[in-house]
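Going by the UniProt record's numbering, the residue at position 2 of the sequence shown is 2; the numbering climbs one at a time, nothing skipped.
Read the structure below first, then the notes.
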Amino acid sequence: MTSVTESNRAIVTGIMEALSRGERQPFADAMAEDFTWNMTGTTAWSGKYRGKADVRQRLFTPLFSQFGSHYTNTPKRILADGEFVVVESWGNVTTKLGKRYCNTYCLVIRMRDGKMAELTEYLDTELVTSALEPPAWAKSA
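Put into structure tokens, the structure is as follows:
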């Protein structure tokens with residue numbers, strides 16, 4: 001019998017393996033409808049995104065529209081304990097403006113019923129500010 005810890009780790013490992021190949025759909029499919037994304041820091045991108053639709057509309061769409069090449073995110077380490085899975089990883093992409101965006105991440109993911117319920121993202125916020133343009137919704141806020 002597979003434990004909750006083992007099951008959650010396997011789900012997140014599959015998601016991260018797909019992201020390392022540039023496949024984003026498994027990540028999107030694994031988000032619960034009421035998924036919450038907490039982005040740490042004080043950048044224009046920082047804050048709380050509530051619900052799968054909000055994450056897609058206010059985070060994914062404006063973020064990926066800035067990328068000029070295929071985004072990958074490669075896991076270095078995946079640890080799990082019960083409902084929590086922690087991923088240490090690094091992303092790699094070049095923006096349409098020619099800036100390298102190769103951030104390092106620590107993702108703390110809370111799982112619920114085989115889906116990601118919440119994600120808290122720790123990252124290099126200085127790199128976010130220097131490589132990415134603020135999302136349009138933040139400019140008008």
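Even for Gly, the Cβ is constructed at its ideal location relative to N, Cα and C.
Could you check if residue i is buried or exposed, using at least 16 other CB atoms within 10 Å of its CB as the buried criterion?
| i | result |
| --- | --- |
| Glu6 | exposed |
| Gly23 | Reading the sequence as shown, one finds Glu at residue 23 and not Gly. Classification of Glu23: exposed, given that the 10 Å Cβ count is below 16. |
| Ser3 | exposed |
| Ala28 | exposed |
| Ser65 | exposed |
| Glu126 | exposed |
| Ala80 | buried |
| Lys139 | exposed |
| Lys52 | buried |
From what residue to what residue does the alpha helix (DSSP H) around residue i run?
| i | result |
| --- | --- |
| Phe27 | Gln25 to Ala30 |
| Trp90 | From DSSP, Trp90 is part of no alpha helix (DSSP H) but of the beta strand (DSSP E) over Phe84 to Thr94. |
What residue from the options has the CA that sits closest to residue i's CA?
| i | options | result |
| --- | --- | --- |
| Leu123 | Asn103, Gly14 and Asp81 | Asn103 |
| Thr36 | Arg50, Thr129, Asp29 and Gln25 | Arg50 |
| Pro75 | Ala32, Met116 and Asn92 | Asn92 |
| Leu107 | Val12, Thr43, Asp34 and Glu88 | Glu88 |
| Gly98 | Phe67, Thr42, Thr13 and Thr61 | Phe67 |
| His70 | Arg56, Thr94, Ile78 and Leu63 | Thr94 |
| Asp34 | Asp113, Pro26, Pro134 and Ala18 | Asp113 |
Report all residues from its chain with a CB closer than 7 Å to the CB of residue i; omit the five preceding and five following residues, and keep chain order.
| i | result |
| --- | --- |
| Trp137 | Arg58 |
| Val55 | Met31, Phe35, Trp37 and Tyr49 |
CB-CB under 6 Å to residue i, same chain, minus the five flanking residues each way: which ones, in chain order?
| i | result |
| --- | --- |
| Lys48 | Asn38 |
Tell me, to the nearest whole angstrom, how far the beta carbon of residue i is from that of residue j; I am working on the premise that it is less than 8 Å.
| i | j | result |
| --- | --- | --- |
| Ile15 | Ala30 | 5 Å |
| Tyr101 | Leu132 | 7 Å |
| Glu83 | Asn8 | 7 Å |
| Thr42 | Val128 | At roughly 10 Å, the Cβ-Cβ gap does not stay under 8 Å, so Thr42 and Val128 are not in contact. |
| Thr13 | Ile78 | 6 Å |
Enumerate in chain order the residues of its own chain whose CB-to-CB distance from residue i is below 8 Å, with the five nearest sequence positions on each side excluded.
| i | result |
| --- | --- |
| Arg21 | Thr72 |
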